[in-house]
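The opening residue of the sequence shown carries number 425 in the working numbering; numbering runs sequentially from there. What follows is a short report on a single structure.
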Amino acid sequence: MHLQDGLDAVRDEDYKNTPPHIWRVRQEARDELVASGIAERAIHAGDHAPSFRLRDPDGNVVSSYDLLNSGPVVIVFYRGRWCPYCSLDLPAIQAVAHELRSLGASIVAVSPQSAQESRATERMHGLSFPSVVDRGGKLARAFGLRWKLSRELRAAELECGLDFAIVNGEPSWTLPMPARFVISPDGIVEYADISADHTRRGDPSELFPVLSQIRARLLH
């Protein structure tokens with residue numbers, strides 16, 4: 425089964441279980457984000473990737489400089505442990521992590537949630553790669569992925585018991601669009617999959633040919 429098939433099933437279940445007025449607010453916010461063109465203005469293939477030095481849940485520094493010195497890097501931006509779509513996406517990446525590493529890649533997941541939430545995410549999904557803390561979404565902003573929740577959407581999420589000021593440990597009420605990037609060792613983005621509609625994601629299998637091409641170039 426492709427990842428999107430699973431995401432579609434999650435969306436159907438989400439629709440059944442979400443109060444209609446909450447679903448409407450979330451749907452309108454999703455439609456507005458897609459229509460805004462933010463995904464088209466974000467970092468894409470051919471661009472230089474922003475560098476970063478972030479910390480994993482244990483406080484260890486994870487830097488793009490160190491990762492790229494070892495080969496290409498797969499960066500996975502996700503919204504948080506609370507997101508049912510991300511909770512399908514991350515295990516899908518974990519399922520192919522061995523194959524990605526066999527092609528020379530390092531993997532790092534990035535979210536704005538707190539270290540405590542990031543650690544819980546790693547444990548929940550048995551991740552073999554770090555989930556680093558992007559406090560305030562600074563790296564997401566550098567990649568062009570960060571957006572701010574409207575007042576109406578904030579109220580809807582609070583009604584559902586989701587307070588991002590607590591979950592993320594800071595008060596900006598911003599989130600990243602889910603995205604995946606493959607960065608070659610020279611810092612160039614070779615692949616970008618950006619989801620303004622968070623219910624839709626590219627399949628992890630799309631990463632294999634990109635990494636194979638990078639590996640072939642490096643061997644010549």
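Just so you know, even glycine gets a beta-carbon here, dropped at the ideal spot from N, CA and C.
Per the DSSP secondary-structure output, LEU478 pairs in a beta bridge with VAL486. Counting the other Cβ atoms within 10 Å of the Cβ of GLY470 gives fewer than 16, which makes it exposed. Excluding sequence positions up to five before and after ARG435, its CB lies within less than 6 Å of the CB of THR623, all in the same chain and listed in chain order. Using a Cβ-Cβ distance cut-off of 8 Å, the segment 612-629 and the segment 509-522 are in contact, since at least three pairs of beta carbons, one from each stretch, lie closer than that value. The three-state secondary structure of HIS426, taken from DSSP, is coil. Cβ neighbours of LEU492 within its own chain (closer than 7 Å, five residues either side excluded): ILE607, PRO609, GLY611.
Under the 10 Å beta carbon count, ILE590 is surrounded by fewer than 16 other beta carbons and is classified as exposed. THR598: member of the beta strand (DSSP E) spanning 598-600, first to last residue. For the pair LEU577 and TYR502, the Cα-to-Cα distance works out to about 18 Å. Closest in C-alpha terms to ILE618, from the list GLY461, ASP438, PRO444, PRO443, comes GLY461. For TRP506, the three-state secondary structure derived from DSSP is coil. For ALA533, the enclosing beta strand (DSSP E) covers residues 530-535.
For ALA580, the closest C-alpha among the options GLU437, PRO444, ALA603 is that of PRO444. Proximity to GLY593 across ARG525, LEU643, GLY504 peaks at GLY504, based on C-alpha coordinates. Among the bridge pairs identified by DSSP, SER555 is matched with ALA533.
Here VAL520 carries a coil assignment [DSSP, helix/strand/coil]. HIS468 carries a coil assignment under DSSP once its states are collapsed to helix, strand and coil. In the DSSP secondary-structure assignment, VAL458 is not bridged to any residue. In this chain, PHE605 is not harboured by any alpha helix (DSSP H); it is covered by the beta strand (DSSP E) spanning 603-607. When DSSP reads this structure, TYR439 sits in no beta bridge, so it has no partner.
Per DSSP, PHE632 is not a residue of any beta strand (DSSP E); the alpha helix (DSSP H) it occupies stretches across 631-643.
Here ALA620 carries a coil assignment [DSSP, helix/strand/coil]. Here the alpha carbon of LYS440 sits roughly 39 Å from the alpha carbon of GLY483.
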